[in-house]
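Per full-length UniProt numbering, the sequence shown starts with residue 1, numbered consecutively.
Here the structure comes first, spelled out in structure tokens, and everything after it is commentary.
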Amino acid sequence: MSATTGKQSAEQRFAQRVEGALAAIAERQLDTLLVTNLVDVRYLSNFSGTNGALVLGAEERVFITDFRYTEQARAELRGGFEIVEESTDMMRAIARHLRGRAGFDEAHLTVRAHRRLAEAVGEQIELVPVSGVVAALRRVKDEAEVAAIAAAAELADEALRRLLQQPVVGRSERELAWALEREMRELGAEGVAFPPIVASGPHSALPHARPREVPVERGSLLLFDWGARVDGYCSDCTRTFAVGAVGEEEVEIYELVLRAQRAALEQARAGTGCAELDGVARAVIEEAGHGERFGHGLGHGVGLEVHEEPRVARSGEGKLTAGEVVTIEPGVYLPGRFGVRIEDLVVIGEQGPRVLSGIDKELQTIE
């Protein structure tokens, strides 16, 4: 593929995203939409800096930033946005481009910023709080997004394989977490999707454990939850290993979680309800008498953020759609003893999932 063709393809993708946002604006009977969440800004415009806002409408398509980012914006922007430089009062610059009923994402505009914006627009503009207009568009990934997420998953897998070529016994959780992050960066990741979780023995019973200066011991379970970021997109995977020989109960719980995970994967397809899919895995664990020890949801969407819509949980709403990228990650956690979580990253399809996580899920023994 030539560079020109690639650029045109990118322009087309961002143009389609903007058209989707315009349709959502019209559906909500808005005249303009203010986008301040930087993840949404990147999704619609490709801008990856840390200060910028979009105003989008039938007659408005502007990107507003300050002097520090104008050159970056000229290089990165897609979607046909005009660049407006404002280094003094962003809210007044934004106000000049809002029209009629102007929507803003109430989850991403502070009370202070809203007050300043209201003062700037006066009585001519109606500020309308809306929720998740762009986040809803981000749920279904296009081919380029899936390719970036798949690349991040492949890179993260390779990083863990490299890490496990060396012994883990005697190394601290924190040392292993840093080594895993270093491997990902050396393989080309632009960063980590989130700080890696490395938890051994009783510490693995904490679903979001923070790595400690505690050495890994033989006879324990060792949990890794890690992800890379490539081209802005995240991966997310969890694997639990046996460090040397472990007890029968650890093996039994591991096999239980693996059965639950595989049962959910078999039903992970377009049209399956988010709560329904959570229930598939939960039923397996509840039948074994450990339902109260599976306290989190089965999974979540992954994209430009490592946690985004949809929520695959008991309280999850709606059905899965082809093209969504979600995690399938049941777990059982026995406080003070050990925990097991097995997580795959998958692309939802009409007939079933495409699994992006490549590390073997059978219980592996490492040293």
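For each residue, glycine too, the CB sits at the ideal point set by N, CA and C.
With DSSP as the reference, label threonine 70 as helix, strand or coil. helix
With burial defined as no fewer than 16 other Cβ atoms inside 10 Å of the residue's Cβ, what is the status of alanine 15: buried or exposed? exposed
I want to know whether the segment 39-55 touches the segment 122-135 - three or more CB-CB distances under 8 Å. yes
State the DSSP-derived secondary structure class of methionine 1, mapped to helix, strand or coil. Only weak support is given to the placement of methionine 1: the predicted model assigns it a pLDDT of 32, under 50, and the question is left unresolved by the model.
Using the beta-carbon count (16 or more within 10 Å), is glutamate 19 buried or exposed? exposed
Count the other CB atoms, across all protein chains shown, that sit within 10 Å of the CB of serine 204; report buried if there are 16 or more and exposed otherwise. buried
By Cβ distance below 7 Å, which residues in the same chain neighbour proline 167 in space, the five residues on each side in sequence not counted? Glu367
Sort Ser220, Ser200, Leu221, Gly219 by Cα distance to arginine 212 and report the nearest one. Ser200
For glutamate 126, three-class secondary structure by DSSP: strand
Quick one: give me the first and last residue of the beta strand (DSSP E) that valine 35 is part of. 32-35
Nearest candidate by alpha-carbon position, reference arginine 311, set Gln165, Thr32, Leu180, Arg139: Arg139
Does DSSP put alanine 228 in a helix, a strand or coil? strand
Three-state secondary structure (DSSP) of histidine 114: helix
Inter-stretch contact (C-beta, 8 Å, three-pair minimum) for the segment 243-256 and the segment 349-359: no
Among the candidates Arg101, Ile64, Arg185, whose CA atom is the shortest distance from the CA of threonine 36? Ile64
What is the rounded straight-line gap between the Cα of isoleucine 149 and the Cα of glycine 303? 7 Å
Reduced DSSP category for histidine 300 - H, G, I as helix; E, B as strand; rest coil: strand
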